[in-house]
Amino acid sequence: MIISVASGKGGTGKTTIAVNLALSLSNVQLLDCDVEEPNCHIFIKPVFESKNTVFIPVPKVDTKKCDGCGRCQEVCAYNAIAVVNKKVLIFSELCHGCGSCTYFCPHNAIEEENKEIGIVEIGKKDGTQFVHGKLNVGMMMSPPVIRAVKKYIDKKKTVIIDSPPGTSCPVITAIKDTDFVILVTEPTPFGLNDLVLAVEVVRKLGIPSGVIINRSDLGNNKTDEYCAEENIPILARIPFSKEIAGLYSKGNSIIDALPEYREKFQDLYKKVEQIKNESVKR
Amino acid sequence: MKQIVIISGKGGTGKTVITGAFAALAKNKVMADCDVDAADLHLILDPKIKNSHIFRSGVIAFTHKELCEGCGTCRTVCRFEAIGEDFTIDPISCEGCAFCSLACPQNAIEMKTNTSGKWFVSDTRFGPLVHARLGIAEENSGKLVSLVRQKAKEIAEEKKCSWVIIDGSPGIGCPVIASITGVDCAVIVIEPTLSGLHDAGRVVDVAGFFNVPVKIIINKFDLNPDMAKIIEQWSDSKNIQVLGKIIFDKAVVQSVVEGKTIIEYTDNQVTRTLRDIWMLLEKELDKKI
Chain A
1 MIISVASGKG GTGKTTIAVN LALSLSNVQL LDCDVEEPNC HIFIKPVFES
51 KNTVFIPVPK VDTKKCDGCG RCQEVCAYNA IAVVNKKVLI FSELCHGCGS
101 CTYFCPHNAI EEENKEIGIV EIGKKDGTQF VHGKLNVGMM MSPPVIRAVK
151 KYIDKKKTVI IDSPPGTSCP VITAIKDTDF VILVTEPTPF GLNDLVLAVE
201 VVRKLGIPSG VIINRSDLGN NKTDEYCAEE NIPILARIPF SKEIAGLYSK
251 GNSIIDALPE YREKFQDLYK KVEQIKNESV KR
Chain B
283 MKQIVIISGK GGTGKTVITG AFAALAKNKV MADCDVDAAD LHLILDPKIK
333 NSHIFRSGVI AFTHKELCEG CGTCRTVCRF EAIGEDFTID PISCEGCAFC
383 SLACPQNAIE MKTNTSGKWF VSDTRFGPLV HARLGIAEEN SGKLVSLVRQ
433 KAKEIAEEKK CSWVIIDGSP GIGCPVIASI TGVDCAVIVI EPTLSGLHDA
483 GRVVDVAGFF NVPVKIIINK FDLNPDMAKI IEQWSDSKNI QVLGKIIFDK
533 AVVQSVVEGK TIIEYTDNQV TRTLRDIWML LEKELDKKI
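Residue numbers (our numbering), protein chains in the order written: chain A, 1 to 282; chain B, 283 to 571.
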């Protein structure tokens, strides 16, 4: 089963849930898909065994073959190509790497070259296989790096994916084709506003989901009311604890310091499995 | 007129609460909520929408099945795995490159304009707010951020405002880049955790990449005073000014629940620190002229 951990609002506790869930299970793989700000490695402290570079193909013009006809500029949907005085200017930061310009150039004057946009690192910690991606600083587009991380999914294992926050393309890329989404929220107006958006996302993608209310004693009960109205299962409530906040701040997992939590995370997994199976039957 | 943006790298460090406080403290300003993915500033500013606009951005491919002969060219050329075996296009995966549409020998694929959000100009008790809502699962948040900023800047120029105060989004990707380029100062809110420091480091690098001056606020510093100290030393080593350190106080959550900025909600150590921070920031940015 592939479980993704997401939230509309940032800082609600996605990484804490993903890391500790992974550490509580066996035969498990943890993928950190928050490639803009990956944090799981801080808590997992994995030994990295290999590293790959993520590229996107961007066009390169052979000026000898190019006659400046402007077809490439016409077909580019991203304004990444401008033809000025029969000279082709390429703005690679706008390029999505679709390949259209190369295909349609009537003079075969465009080749593709790889542009590095990030890296993927693969490692492990005890029994847990760990993969994360890092978007290079200054690069705009994280989805290709997220896709590169997800290529390592091993379906024979339980896969836990830590997603970036938000509701747009990076989140979609991370949670797409997963079997269940755990939505982590906090019971504040900000948390609820962003949870409602996140629920719309998972519904649009048709993925079963459940909610974890973190720092459940700081805020109001509107999140409970919303989940009840919308028939969204609440998987767990975690009260604010200075002890857990302290562990987090130092980059320690809950499981290592407070082993009694292992069972709670295993229960969480069982709940997720049960809800997922029920939704499949339906 | 000066533009400041509040960002953090890591989510949930207190950007919106601090933006709200600045909105209450600054004189003669326009606010812009550039966290278009998950906008929250409106929850404490209570905007009265004056006008609302549709954000159209990009196009999405649509297969006219009656024209399709099933040759499969579209599937061959698409690099975004957006075209299914029955040649139906998944609008979520489609990045709107139009390659399939141009390559289709039957002209069976139409590129349709995509409505991907809304943006609003509103009045609040602190002045105008420009905000937006990106459609669920949509792309182009960077473009919508640029649009919100542009509009806020226009209003600020027209009304001869002193400040544009921008609430940014987490991360370091396209919406963040769109929200920081060309501002006078990016205020980075860091919580005293290893993750907070790690993420702030990356966002500081992004700001450096685009030549944006940065300053730091350490929020909830007493949750780990040792880590707060490490962050201060790190800031010193990078020659970045720490504007102030704010303590953790449950009153902050309560102010949000009440739909108020912390400045209006109470007078405590948090609000005193925030007032000092704002005065310092004003002074520092004045120096620059």
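Ideal Cβ positions, reconstructed from N, Cα and C, are used throughout, including at glycine.
Please read all numbers here as calculations on a predicted model, not as lab measurements.
Let me check understanding here. Comparing Cα to Cα, which of the options lies closest to residue i?
i, options, result
"R203/A", "V181/A, P143/A, N214/A and T185/A", "V181/A"
"M283/B", "G296/B, V312/B, V318/B and K542/B", "V312/B"
"V88/A", "N108/A, C95/A, D67/A and S100/A", "D67/A"
"P144/A", "I238/A, T223/A, S4/A and T53/A", "T53/A"
"S163/A", "T188/A, D154/A and G133/A", "G133/A"
"A80/A", "T298/B, C379/B and I545/B", "C379/B"
"Y269/A", "P189/A, I17/A and C33/A", "I17/A"
"D368/B", "T345/B, L479/B and L505/B", "T345/B"
"V359/B", "S383/B, D372/B, I289/B and A320/B", "S383/B"
"N114/A", "E200/A, P106/A, C98/A and N221/A", "C98/A"
"A468/B", "V341/B, L567/B and F362/B", "L567/B"
"A343/B", "L525/B, K394/B and G366/B", "K394/B"
"I528/B", "I544/B, A320/B and W516/B", "I544/B"
"V538/B", "V287/B, G291/B, L307/B and D322/B", "D322/B"
"P233/A", "P165/A, T185/A and P106/A", "T185/A"
"F491/B", "I300/B, G464/B and H480/B", "G464/B"
"E514/B", "K532/B, G478/B and V494/B", "G478/B"
"I374/B", "G127/A, Y226/A and S168/A", "S168/A"
"E238/A", "A228/A, Y261/A and Y226/A", "The identity of residue 238/A in the sequence shown is Ile, whereas the question assumes Glu. Closest option to I238/A, Cα to Cα, is Y261/A."
"K400/B", "L426/B, D466/B and F408/B", "L426/B"
"G11/A", "E243/A, R215/A, E278/A and T223/A", "R215/A"
Within 10 Å of its beta-carbon, does residue i have 16 or more other beta-carbons around it, so buried, or fewer, so exposed?
i, result
"R338/B", "exposed"
"L349/B", "exposed"
"R554/B", "exposed"
"G293/B", "buried"
"Q285/B", "buried"
"H324/B", "buried"
"M509/B", "buried"
"R431/B", "buried"
"M561/B", "exposed"
"F402/B", "buried"
"Q274/A", "exposed"
"P387/B", "exposed"
"I571/B", "For I571/B, the predicted model reports a pLDDT of 49, less than 50, meaning its position is unreliable; a value from the coordinates is still stated below. When all chains shown are included, I571/B counts as exposed."
"K435/B", "buried"
"K297/B", "buried"
"V272/A", "buried"
"V534/B", "buried"
"S451/B", "buried"
I need the DSSP call for residue i, collapsed to helix, strand or coil.
i, result
"K527/B", "strand"
"D267/A", "helix"
"T463/B", "coil"
"G478/B", "helix"
"S4/A", "strand"
"I522/B", "coil"
"T16/A", "helix"
"T128/A", "strand"
"P57/A", "strand"
"S451/B", "coil"
"Q29/A", "strand"
"K497/B", "strand"
"A380/B", "coil"
"P344/B", "The sequence given here has Phe at residue 344/B, not Pro. If DSSP states are grouped into helix, strand and coil, F344/B belongs with the strands."
"E363/B", "coil"
"A109/A", "coil"
"G483/B", "helix"
"E473/B", "coil"
"G490/B", "helix"
Pick out the complete beta strand (DSSP E) segments inside the region 137-194 of chain A, 3 residues or longer, and give them in chain order.
-> 158-162 and 180-185
Any chance you could list the beta strand (DSSP E) runs of at least 3 consecutive residues sitting entirely within the region 195-280 of chain A, in chain order?
-> 209-214 and 234-238
Counting Cβ pairs, one atom from each stretch, are 3 or more of them under 8 Å apart for the region 492-500 of chain B and the region 311-328 of chain B?
-> no
In chain order, which continuous runs of the beta strand (DSSP E) of length 3 or greater are located wholly inside the region 305-339 of chain B?
-> 311-315
Between the region 152-172 of chain A and the region 28-35 of chain A, are three or more C-beta pairs nearer than 8 Å?
-> yes
Do the region 435-447 of chain B and the region 468-475 of chain B make contact, defined as three or more Cβ pairs closer than 8 Å?
-> no
Do three or more CB pairs link the region 420-439 of chain B to the region 352-368 of chain B at distances below 8 Å?
-> no
Members of the region 476-488 of chain B that neighbour chain E once the beta carbon cut-off is set at 7 Å = Annotation note: the requested chain E is absent from the structure, which comprises protein chains A and B.
Any chance the region 171-181 of chain A sits against the region 199-215 of chain A, with 3 or more Cβ pairs inside 8 Å?
-> yes
The region 138-153 of chain A touching the region 451-470 of chain B, judged by at least three CB pairs closer than 8 Å | yes
Tell me the start and end of each unbroken alpha helix (DSSP H) in the region 382-438 of chain B that is at least 4 residues and wholly inside, in chain order.
-> none
Which runs of the beta strand (DSSP E) spanning at least 3 residues fall entirely within the region 28-105 of chain A, listed in chain order?
-> 28-32, 47-61, 81-84 and 87-90
Would you call the region 60-75 of chain A and the region 30-41 of chain A touching, i.e. three or more CB-CB distances under 8 Å?
-> no
Would you say the region 404-418 of chain B touches the region 247-259 of chain A, given that touching needs at least three Cβ pairs under 8 Å?
-> no
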